[in-house]
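Asker:
Chains as they are written, first to last, in the numbering used here: chain F, 4 to 226; chain P, 164 to 282.
1) Can you list, in chain order, the residues of the stretch 241 to 266 of chain P whose Cβ is nearer than 8 Å to any Cβ on chain F?
2) Answer with yes or no whether the minimum CB distance from residue 73 of chain F to chain P is below 7 Å.
3) May I have the straight-line CA-CA distance separating residue 272 of chain P from residue 18 of chain F, to the nearest angstrom?
4) When Cβ atoms are compared, which residues of the stretch 162 to 194 of chain F fall closer than 7 Å to chain P?
5) If we call anything under 7 Å between Cβ atoms a contact, is residue 167 of chain F one with residue 77 of chain F?
6) Please check if any C-beta of chain P sits within less than 7 Å of the C-beta of residue 106 of chain F.
7) Below 9 Å on C-beta distance, what does residue 10 of chain F contact in chain P?
8) When we look at the beta-carbon of residue 213 of chain F and count the other beta-carbons within 10 Å, is it buried (16 or more) or exposed?
9) For residue 236 of chain P, which residues of its own chain have a beta-carbon under 8 Å away from its beta-carbon, when the five flanking residues on both sides are left out?
10) Evaluate the contact criterion for the stretch 226 to 234 of chain P versus the stretch 189 to 204 of chain P: three or more CB pairs, one atom per stretch, below 8 Å.
11) Could you name the residues of chain P that residue 43 of chain F contacts, counting a contact when the two beta carbons are closer than 8 Å?
12) Are the beta-carbon atoms of residue 206 of chain P and residue 179 of chain P separated by less than 7 Å?
13) Residue 197 of chain P touches chain F at which residues, Cβ-Cβ below 7 Å?
14) When the distance is taken between beta carbons, is residue 175 of chain P closer than 7 Å to residue 186 of chain P?
15) Starting from residue 109 of chain F, find everything on chain P with Cβ-Cβ shorter than 8 Å and list it in chain order.
16) What in chain P is Cβ-close to residue 216 of chain F, meaning under 7 Å?
17) Given residue 113 of chain F, which residues of its chain have a CB within under 8 Å of its CB, disregarding the five upstream and five downstream residues?
This is the structure in structure tokens:
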């Protein structure tokens, strides 16, 4: 049911069409989101509640300084796929390929994407542990069934110890188009010199968008 | 939660009053991760002279507001007093789970009244 009365008005003022129904599945808040929130929320950093310290430098509205792009909405979208390897690649003695799925239906058409950072965490088998450099990540659009579309992105990976990041904006969809409702990608990670394999432990997407309806030009500073 | 205005009525000259918006009160505490609420504050108070005149460190005053206050003191029936409204506002950020279980950080401009002014 629609939220009654003032709650509905406040939701609308916050640019949300409805309140999430029921309690969300408990899941830890990704550290990157905590960091962005703490840096971004002036009330968190304020010295006394309710007052912006005089002379405080104004943050540019609608800009995510930490990520260096325009934006006023940051979403951490978990992978909805099964991350199971694609069987035929394993059967051929190659390393697994994985399908990852991101549900982006919550993004409204008016929102302009400014950053789409794929983050992958790999867990290496014993044999691959410690093999540094010379990995290559390839990303392709998933096609119907278990088909694989054209390769969208190839990227060298130096280390598996830290999350592997790849920028999808401009690769998985072009800069000036709106965000697709969902994103199905096929990933593969190969080592150029050996036949070592790894498996994908976690995949997520950090999506930054700008909703111009919630942006106001920077208030004229006091002359 | 709001500060009670002493003695009823607008209570003194135009200034920001404390108003805390609690997400629990609105029933959003299950899906809003942080903050629990925020100090939105509100403006209330008289805009008659001398409150309408610029004070040290206060927000810039519109000449028109001073003109109205002068007119009001000369002929109260002609036009009302200027209004006590937000003159400087700050943003807030809200971290929450959306319907698709994404963790979302949204930034909202002009959500907290820092200063009030007569307009």
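Yeah, the Cβ is synthetic: ideal placement off N, Cα and C, and Gly gets one too. In this text the structure is predicted, and so the values were computed from the model without any measurement.
Answerer: The relevant details are as follows:
1) 251, 252, 253, 254, 255, 256, 257, 258, 259, 260, 261, 262, 263, 264, 265, 266
2) For the purposes of this step, residue 73 of chain F is taken as the residue at position 70 of the first chain. No, because no Cβ of chain P sits closer than 7 Å to the Cβ of residue 73 of chain F.
3) To locate residue 272 of chain P, count along the second chain from 1; it is residue 109. To locate residue 18 of chain F, count along the first chain from 1; it is residue 15. Roughly 12 Å separates the two Cα atoms.
4) none
5) Within the first chain, residue 167 of chain F is the residue found at index 164, counting from 1. Within the first chain, residue 77 of chain F is the residue found at index 74, counting from 1. Not in contact: residue 167 of chain F and residue 77 of chain F (Cβ atoms no closer than 7 Å).
6) Mapped onto the first chain, residue 106 of chain F falls at position 103. It does; some Cβ of chain P falls within 7 Å.
7) Reading the first chain from its first residue, position 7 is the one you call residue 10 of chain F. Within chain P, the C-beta atoms nearer than 9 Å to that of residue 10 of chain F come from 189, 190, 191, in chain order.
8) Position 210 of the first chain holds residue 213 of chain F. Looking at its Cβ environment, which holds 16 or more other Cβ atoms inside 10 Å, residue 213 of chain F is buried.
9) For the purposes of this step, residue 236 of chain P is identified with residue 73 of the second chain, where counting begins at 1. Excluding residues within five positions, the ones whose Cβ falls inside 8 Å are 211, 212.
10) No, the stretch 226 to 234 of chain P is not in contact with the stretch 189 to 204 of chain P.
11) In the first chain, counting from the first residue as 1, residue 43 of chain F sits at position 40. Neighbours of residue 43 of chain F on chain P, chain order: 256, 268, 270.
12) Here residue 206 of chain P corresponds to residue number 43 of the second chain, with the count starting at 1. Here residue 179 of chain P corresponds to residue number 16 of the second chain, with the count starting at 1. Yes, the pair counts as a contact, with Cβ atoms nearer than the cut-off.
13) As a working mapping, residue 197 of chain P is identified with position 34 in the second chain. Residues of chain F passing the Cβ test: 40.
14) The residue given as residue 186 of chain P occupies position 23 in the second chain. The residue given as residue 175 of chain P occupies position 12 in the second chain. Not a contact, by the Cβ cut-off of 7 Å.
15) Sequence index remark: in the first chain, residue 109 of chain F carries index 106 (1-based). The answer, in chain order, is 261, 262, 263, 265, 267.
16) In the first chain, residue 216 of chain F corresponds to position 213, counting from 1. Residues of chain P passing the Cβ test: none, with the nearest at roughly 11 Å.
17) As a first step, residue 113 of chain F must be located in the first chain, where it is residue number 110. Closer than 8 Å at Cβ, skipping near neighbours: 214, 215, 216.
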